[in-house]
Structures are given as C-alpha cells and as structure tokens.
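So the number in the numbering used here is just where the residue sits in the sequence shown, counting from 1, plus 310.
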Amino acid sequence: MDKGLYVHVPFCLKKCNYCDFNSFKLNHEDKESYIESIITEIKLYSKKFDKDYFSTVFIGGGTPSILESEELRLLIDSIHSNFNITESAEISIEANPGTLTKEKLNTLYSLGVNRLSMGLQSSNQKHLKFLGRIHSYEEFKENFEIARKVGFENINVDLMFSLPNQTFDEWKQTLEDVVDLKPDHISAYSLIIEEGTVFGSLYDEGRLELLDEELDLKMYYYTRDYLKENGYNQYEISNYAKDKKKCRHNILYWKCGQYLGLGPGSHSYLNEERFSNYKDIKTYCEKLRNFKLPIANVEKLDKQDMIEEKIFMGLRMNEGINLEKFNQEFEVDFMKIYKNEVESLKSKGLIKIINSRLSLTNKGIDISNKVFIEFLKK
Ligand SMILES: C[S@@+](CC[C@H](N)C(=O)[O-])C[C@H]1O[C@@H](n2cnc3c(N)ncnc32)[C@H](O)[C@@H]1O
Ligand code: SF4
311 MDKGLYVHVP FCLKKCNYCD FNSFKLNHED KESYIESIIT EIKLYSKKFD KDYFSTVFIG
371 GGTPSILESE ELRLLIDSIH SNFNITESAE ISIEANPGTL TKEKLNTLYS LGVNRLSMGL
431 QSSNQKHLKF LGRIHSYEEF KENFEIARKV GFENINVDLM FSLPNQTFDE WKQTLEDVVD
491 LKPDHISAYS LIIEEGTVFG SLYDEGRLEL LDEELDLKMY YYTRDYLKEN GYNQYEISNY
551 AKDKKKCRHN ILYWKCGQYL GLGPGSHSYL NEERFSNYKD IKTYCEKLRN FKLPIANVEK
611 LDKQDMIEEK IFMGLRMNEG INLEKFNQEF EVDFMKIYKN EVESLKSKGL IKIINSRLSL
671 TNKGIDISNK VFIEFLKK
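If you want it as structure tokens, here you go:
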C-alpha cells in the first residue's frame, strides 16, 4: 500500500497574524541545528523503511522556501538517498512569495519537485497587510510566472476568505485575479480565528469584527460555483482542482492512508499507531543530537477509533466513503452500526447514499462539523 512522507520546516520570515501552525521567526542558529537534525532523523528512519515505497512527499511549513538553495538540495537529496521514492511520486513543496527566486525555483525543479503550493491569501493589498503577509500581489504574480517558465506544471494557490472587513466584491476580485493566472489547483479556506495568534487576541479584546455567517456562506457558495465554471472541480471542502491535478498527498490523509512525518511537531500514522514529534525545536534537535527519535506521543488506535477517523476524514471529500470497501476493511456492516444516524441525517437532507457511496449534501457541507459529530460513538 502507498505511503506518504511529510517533512516539516518550522521557519517563517515573520509570523502571520492568523496563523497557529508550528512555525516561528527564522534565526540562523536554529536553522543550522534544524538542518543537521532533520538529516539525522531521515537517516534514523531510513533503516526502518528500506522496503517501503513512498509515493507522495510533502515538504510543508512554515515556509520551506525560506531555506537556501544549498540547504534545499541537502534536504531533498537526503530524502532521495535514504528512502525509496516511486518514480511517479508527487513531490510538493510549500513556497511562499517573498522567499522565492529564479535560482531557488530552478534548484527545486532540478531536484524533482513537481508540485508547488504558493500561499497568496488575497490579491488585495489592504488585506495582505492586515493579515501580516510579507509580500504584495505583484510579487506573487512575478514568482508564479517564473515558476511556470522554470517548468512547474502543477501549482496550487492558497486563498482565505471571510476576512475582517472583506466585502463580497473584494473576495470575487481575488478569485478573478487568481483564476486569470490559471493555476492547476486552488485551496480556499474560510478564516478561522485561532487562539494564541494576533487575531485571537484582538478578537478576545473585542477589537476584531468578523463577517456574519450568512456572508461567509455566500462567499463559499460563490467560490464553488465560480471555480466550477472555470474548470476547477471541488474534491474536498476547501480544495478545487483542474483535471488530474488533485493533491495526492492530501487525499492520502483524507483516505486515512499511512504516512511518516518528520520535523518538529510532525504527525505520523503507521501500523494503527498515531505518533507525533516534539513541537519545540530545541527539544527536537536535542533528541536527534543524541541519535534518539524525537517522538513525544504515541497513541494506539482501536477499531472504533479507526472507523471514526475514516468517516470523519472521508466525509470531507466530495466522493465520500465507499461503504462496500469500508465494510470489507473493518469487517462490519456500516448500515447496521449507524442505522439511526443515517436515517436521521438523511431525513434532514444532510447526507446522501448513491451507489453505495456515502457523502455530504450541499446542506451537509455547510454544517459539516455537526454531521461528523453524529458518527462519534466514543
Ligand atoms: C501550512 S499553511 C502555510 C503555507 C505557507 N507557509 C504560506 O503561508 O504561504 C497553509 C494554508 O493554510 C491556510 N491557513 C492558515 N491559517 C489559517 C487560518 N487561521 N484560517 C484559515 N486558513 C488558514 C492559509 O491559506 C495557508 O496558506
Ligand atoms: S501562514 Fe505560512 S507564512 Fe504565515 S506564519 Fe503561517 S506558515 Fe508562516
């Protein structure tokens, strides 16, 4: 069975106001010990996976493109020489505008990276500034065009909507600007206010006014329709792709496939176990300096955990869950276990079952978290 490899790079030039990912402002010293440590971690795992093949690799962050060309080369060469990566593997990297150069893009391309994920968020300068982004829309466009010239044929653009003070027309404009560039994939997330971020504090102090739910939904529906008209099919709640350009690595997560995560705070799911690394870079590096795996937590999943995870993740995708495969995999009868839940959710028009596939209806997607909860038994 296919496996995915995730490599976390925890540095950014500056922390964005909304972001609670495990990333912090770059400093030279931490970067040096990080590079040394991640290479050690790769080597420690290489023996454990000498017979396994990885068919997707995702270098995420943080801002992986903050690394210098030589550091990227060291990291990616080390991945290739220590793991078996299939020839047709999808190899993605998150690359932020403001940290990209033609030289870096050429290096990434020559190292076999075949998918770029670029964070733009908005094409509106006022919003970029408010979000705390380090780049302008013009810089993003320049980087995007260089990436195309270098040869990248699979580029994703991350966007966010429902931003404080954003009008419907401003969001429409961002979508139009991005679609004009013809990326292969678009992720469009509704802003979540996270604790411990600048936005989280402003919100707690009553100084951040959020858009109402109605406008959020209007933006979401418009996104879905507008992107569809332009050749981007929704395949997950926040993800849209042109033909054959769905992100294989993320699909592996949503299908509860197995993956190994490296780097500070990374999560792994292998052989019915979920485990995660120390988030703090100092502890992470310290463990590896002593040639110890930097694992902070291990959780063994029982059958009910796996069933719930499969439902929770599978319902995020438009194709939903194949109930025949589900029953075979878990040796259960889904319709027997969830008879009451299915009847009730169906009668409310929140889920549908077509050709033995269970998925959310449009109405169900609007309140997806409430639907997911219905399937939790533990
Ligand atoms: C791993 S993050 C960052 C990728 C990359 N470092 C960047 O910023 O361009 C992936 C995406 O998640 C989205 N995201 C991050 N925080 C969010 C939040 N609080 N609410 C909604 N979307 C968020 C952003 O679109 C971001 O580009
Ligand atoms: S959104 Fe991206 S660039 Fe901004 S802080 Fe988070 S990881 Fe860093």
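Every residue gets a Cβ at the ideal spot worked out from N, C-alpha and C, and that includes glycine.
Look at residue 529: its beta carbon is at least 8 Å from all of the heavy atoms in ligand 1.
Between residue 598 and residue 347, the gap from beta carbon to beta carbon is short of 9 Å. The C-alpha of residue 571 is placed about 11 Å away from the C-alpha of residue 355.
Excluding five sequence positions before and after residue 319, the CB atoms of its chain that fall closer than 6 Å to its own CB belong to 371, 372 and 374, given in chain order. In the assembly as shown, residue 687 is an exposed residue. Its beta-carbon has fewer than 16 other beta-carbons within 10 Å.
Of all alpha-carbon atoms in 564, 618, 391 and 627, the one lying nearest the alpha-carbon of residue 644 is that of 618. By the neighbour-count criterion, in which 16 or more other beta carbons inside 10 Å mark a residue as buried, residue 659 falls on the exposed side. Out of 367, 614 and 409, the CA that lies nearest to the CA of residue 403 is found in 367. Here residue 505 carries a coil assignment [DSSP, helix/strand/coil]. The secondary-structure analysis by DSSP pairs residue 571 across a beta bridge with 316. Secondary structure of residue 577 (DSSP, three-state): strand.
In the structure shown, residue 410 adopts coil according to DSSP, grouped into three states.
Within 10 angstroms of the beta-carbon of residue 495 lie 16 or more other beta-carbons, which makes it buried. When rounded, the separation of the alpha-carbon atoms in residue 327 and residue 575 is 20 Å.
Counting only runs of 4+ residues, the alpha helix (DSSP H) found wholly inside the stretch 355-399 occupies 379-392, in chain order. Of the candidates 421, 648 and 607, the residue whose Cα lies closest to the Cα of residue 637 is 648.
The count of Cβ pairs closer than 8 Å, one atom from the stretch 444-459 and one from the stretch 334-342, stays below three, leaving the stretches out of contact. Distance from residue 529 to residue 582 at the Cβ level is roughly 39 Å; contact not present, criterion being Cβ atoms closer than 8 Å. The beta carbon of residue 521 sits closer than 6 Å to the beta carbons of 472 from its chain, once the five residues preceding and following it are set aside; these are given in chain order.
Going by beta carbons, residue 351 and residue 604 fall inside the 9 Å limit. A straight-line Cα-Cα distance of about 43 Å links residue 668 and residue 449. Residues of the same chain with a CB within less than 8 Å of the CB of residue 608, apart from the 5 flanking positions on each side, are 583, 584 and 585 in chain order. If you draw a 10 Å sphere on the C-beta of residue 527, you find fewer than 16 other C-beta atoms in it, and that means exposed. Linking residue 413 to residue 379 through their CA atoms gives a straight-line distance of about 8 Å. Looking from the CA of residue 445, the closest CA among 457, 531 and 431 belongs to 431. About 20 Å separates the Cβ atoms of residue 392 and residue 424, ruling out a contact at the 8 Å cut-off. For residue 654, the enclosing alpha helix (DSSP H) begins and ends at 649-657. Residue 601 is classed as exposed because its beta carbon has fewer than 16 other beta carbons within 10 Å across all chains shown. Within the stretch 512-570, the complete beta strand (DSSP E) segments at least 3 residues long are 543-546 and 549-551, listed from N- to C-terminus. Excluding its 5 nearest sequence neighbours in each direction, residue 510 has C-beta neighbours in its own chain below 7 Å: 503 and 504, listed in chain order.
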